Structure formats: structure tokens, C-alpha cells
Amino acid sequence: MIIQLDPVKDYTKISWHYMENTLEAFGSDRHWIKWIINLVSTTIFSLLVNGAPTKPFYTSRGIRQGDPLSPFIFILIMEGLSRSIKNTMAEGEIKGLKLFQNCSTSTKQQFFDDTLLHGKPTLEEAKSYKKILEDLREASGHEINHSKSMIYFFNTNPAIQRNLANILWFERKLLPTKYLGILGQGGHLGEHTDGAQK
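Our numbering puts the sequence shown at residues -15 to 182.
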């Protein structure tokens, strides 16, 4: 199965504490981390009410969308997803996907906030990915848009497809699909969706 995640484009929910812990996990210098946190946490807002500005107030979390620094911080935050998947795979709860016999196992493809997750169409794998995404949301504030995220199957029994899609709360779609605006050549992957599970 392939899961195409659509993140909620809302930087205001990102946890500064999670951001700080991520930078520390990468071994960043403490003074540098303090500078970064100061940059994202000192934003001041003022609202216009009946044409007059209100008293300025500070935010309690989030990074500024449109700020040149924000995409780089967001990439660091998404590294938490990669590490969670790697740890879960090491524990044997995720097997990943091997398209060909001699190729390496793949669990994800990421480009900024465009993310594809790969896995075997099993109950254990679906539940593991769901837990990883829920843990990421709870820890970082980063949420997945369930109405726009999709799941693809190939050579999988339709009853299994429905069951796993319901667990993950994602809509089932057919291959080939677009990734980063490019139409993927699904070929035989998009066929035989009613076949036996492999």
C-alpha cells in the first residue's frame, strides 16, 4: 500500500517545545537553538477593530508562514516522522514495501511537506502508521488532512482495502497518481486491484 499524506497547511499549531527538542536531537549548539526559538517566538500581533488597532499580543506557538526561515524549520520537524518510522521498522512493526526482488525496502518518500508512506497491506502495518501520525500530531501540533490524504493498493483483496482505509481514515484511490505534480507510471501497479494480497 502507498499512503499519500496531505498536511494541514497551518504553521500556527507547531509546538516550540517540539521544535527545540528536535534541534537538540540534531546536536545543534544551545546558543544557536536559543536564537532560532527567539526568532519564531517573538512575533507580535495587533488586530484592527473598527479601524483602530488593538493592544499588541504575542503568540504561544507556531512559525510564521511565508517567512524564509519557516520551510527549513518545518523540514526539521518532519524529520521526527522519519525517525519514528525508522524506529518502528527496527522493532519489526513496519515491513515497508519492496517493489522488486533485488531492490531495498522503502517506507517513505519525502520532499518538504509532500510525503508518501509505503507498507505492506496488513492490519499491523496500518495501525503502526496510524499511531506514528497520531504521536506526531500530539507532540508537534502537525496535523494530517484526512479528507485530502489518500491510500493506494495493488494486488490486494477489496475487503482488506476497505478495512485498512477505514483504520487510517483515508480515501482509497487508484494508481497511477500524481506526486509533486508529476503523473507516476503505475503500470501493472494500478492494475489487478481485485487480485490476491501479496
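The C-beta atom is built at its ideal place from N, Cα and C for all residues, glycine as well.
Note that the structure is predicted; figures quoted are calculated from it, not measured.
- For Ile17, same chain residues with a beta-carbon under 8 Å away, outside a window of 5 residues either side, are Glu4, Leu7, Glu8 in chain order.
- Secondary structure of Leu65 (DSSP, three-state): helix.
- Rounded to whole angstroms, Met73 and Val24 show a C-alpha spacing of 33 Å.
- Closest by C-alpha distance to Ile144, out of Phe95, Trp0, Lys104, Arg67, is Lys104.
- Shortest Cα-Cα distance from Asn22 to any of Glu108, Lys114, His1, Phe154 involves His1.
- Comparing alpha-carbon positions, the option among Gln85, Phe84, Lys92, Lys82 lying closest to Ser68 turns out to be Lys92.
- Secondary structure in the stretch 85 to 127: the alpha helix (DSSP H) runs of 4 residues or longer, each lying completely within the stretch, are 107 to 124 in chain order.
- In the three-state scheme derived from DSSP, where H, G and I count as helix and E and B as strand, Ile(-14) is classed as strand.
- With a contact defined as Cβ atoms closer than 8 Å, Glu127 and Lys(-3) qualify at about 7 Å.
- DSSP, read as helix, strand or coil, puts Leu60 in helix.
- Under the DSSP assignment, Glu4 falls in the alpha helix (DSSP H) whose first and last residues are 0 to 9.
- Val24 sits in a helix when the DSSP states are folded into three classes.
- In the assembly as shown, Ala36 is an exposed residue. Its beta-carbon has fewer than 16 other beta-carbons within 10 Å.
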